[in-house]
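Take a look at the structure below.
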Amino acid sequence: MREPFQLLAEYNKQTNLEVLSILEGLPQEQLSKDLGSYYSSILGIMNHILVTDATWIRRFASNLPELNVVTPQLPAFELKTWKDIIWNRLSLFKPVRTSVDEVIGQVFRLVPEDKYNLKIRYQDYKGQEQHKTVWVAFLHFFNHQTHHRGQVAVLLDQLSVENDFSNLIWKF
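Residue 72 in this note's numbering sits at position 91 of the sequence shown; the count goes up by one each step and never skips.
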């Protein structure tokens, strides 16, 4: 069960590097422009993915002691809402994103196979206690990233910026 998640961690890392490469070719105005999406801008979506990744890794670590070693590597931030933009410039965002992608790789190397069917407990964004099977939470973690990178692709399409970074099958 570990291998598919390790592959998804590597896919996530490679895909984020591709996205960042595309975004580095855009002016700050395009990255920050409100394009009518739920998170407003490309940087808004990218920030949301990153803060959610860090939030989920902290949730995983609170249930899986093997991960306590990675939490000090996560960025510190405070959110008032899920729409907050913590890193408002790509130059600030990129090193944090690439660092968290390294942490994600560590997470899926550290969690032993026998933990995948355990239940984890956490509070969701509404403060409600949740109980989920580890592998289901892991799958949600990666699905969330893919969903929002798809939104970034749509915004890039609206800006007539060529992009094609989503194909897992072409990367492995």
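For every residue, glycine included, the Cβ atom is placed at its ideal position computed from N, Cα and C. All of these numbers come straight from a predicted model, not from anything done at the bench.
Beta-bridge partners of residue 102, as assigned by DSSP: One-based indexing of the sequence shown puts residue 102 at position 121. Residue 102 is bridged to 112.
Spatial neighbours of residue 105 in its chain, beta-carbon cut-off 6 Å, leaving aside the 5 residues before and after: Counting from one through the sequence shown, the residue named residue 105 turns up at place 124. By the criterion of a C-beta distance shorter than 6 Å, residue 105 is surrounded in its chain by 111, once the five residues flanking it on both sides are discounted.
7 Å Cβ cutoff met for residue 226 and residue 115: Here the chain covers residues -18 to 153 and nothing more, so residue 226 does not appear.
DSSP three-state assignment for residue 80, whether helix, strand or coil: For this step, residue 80 is matched to residue 99 along the sequence shown. If DSSP states are grouped into helix, strand and coil, residue 80 belongs with the helices.
Three or more C-beta pairs below 8 Å linking the stretch 123 to 137 and the stretch 58 to 78: Inter-segment contact for the stretch 123 to 137 and the stretch 58 to 78 is absent: fewer than three beta-carbon pairs are separated by less than 8 Å.
Rounded C-alpha distance that separates residue 113 from residue 40: Walking along the sequence shown from the start, residue 113 turns up at place 132. Walking along the sequence shown from the start, residue 40 turns up at place 59. Taking the straight line joining both Cα atoms gives about 11 Å.
Buried or exposed (CB count within 10 angstroms, at least 16 for buried), residue 128: Against the sequence shown, residue 128 aligns to sequence position 147. Counting other Cβ atoms within 10 Å of its Cβ, residue 128 stays below 16 and is therefore classed as exposed.
Environment of residue 153 [buried if 16+ CB atoms lie within 10 Å]: What you label residue 153 is simply residue 172 of the sequence shown in a count that begins at 1. A residue is called buried when at least 16 other Cβ atoms come within 10 angstroms of its Cβ; residue 153 does not meet this threshold and is exposed.
Contacting residues, own chain, Cβ-Cβ under 6 Å from residue 30 (five flanking each side not counted): The residue labelled residue 30 in the question sits at position 49 within the sequence shown. Only 126, 129 meet the Cβ criterion.
Closest Cα partner of residue 213 within the set 150, 141, 80, -3: Here the chain comprises residues numbered -18 to 153, so residue 213 is not present and cannot be evaluated.
Outcome for residue 17 when other beta-carbon atoms lying within 10 angstroms are tallied against a minimum of 16: Sequence index remark: in the sequence shown, residue 17 carries index 36 (1-based). With fewer than 16 other Cβ atoms within 10 Å, it is exposed.
Residue 47 versus 151, 95, -12, residue with shortest Cα-Cα distance: Taking the first residue of the sequence shown as position 1, residue 47 is located at position 66. Closest by alpha carbon: 95.
Neighbourhood of residue 137 by C-beta distance below 6 Å, restricted to the same chain and skipping five residues each side: Along the sequence shown, one-based indexing puts residue 137 at 156. 144, listed in sequence order.
Neighbour-count burial assignment, residue 151, 16 or more Cβ in a 10 Å radius: The residue you call residue 151 lines up with position 170 of the sequence shown. Its Cβ having fewer than 16 others within 10 Å, residue 151 is exposed.
Cβ-based burial, residue -18 [other Cβ within 10 Å; buried from 16]: The residue given as residue -18 occupies position 1 in the sequence shown. So residue -18 ends up on the exposed side.
Run of the alpha helix (DSSP H) containing residue 9, from where it starts to where it stops: Against the sequence shown, residue 9 aligns to sequence position 28. Segment 9 to 13, the alpha helix (DSSP H) holding residue 9.
Residue 146 versus -16, -12, 0, residue with shortest Cα-Cα distance: Here the question's residue 146 lines up with position 165 in the sequence shown. The residue with the shortest Cα to Cα distance from residue 146 is 0.
Between the CA atoms of residue 84 and residue 35 - distance to the nearest angstrom: For this step, residue 35 is matched to residue 54 along the sequence shown. For this step, residue 84 is matched to residue 103 along the sequence shown. The straight-line gap separating the alpha-carbon atoms of residue 35 and residue 84 is approximately 9 Å.
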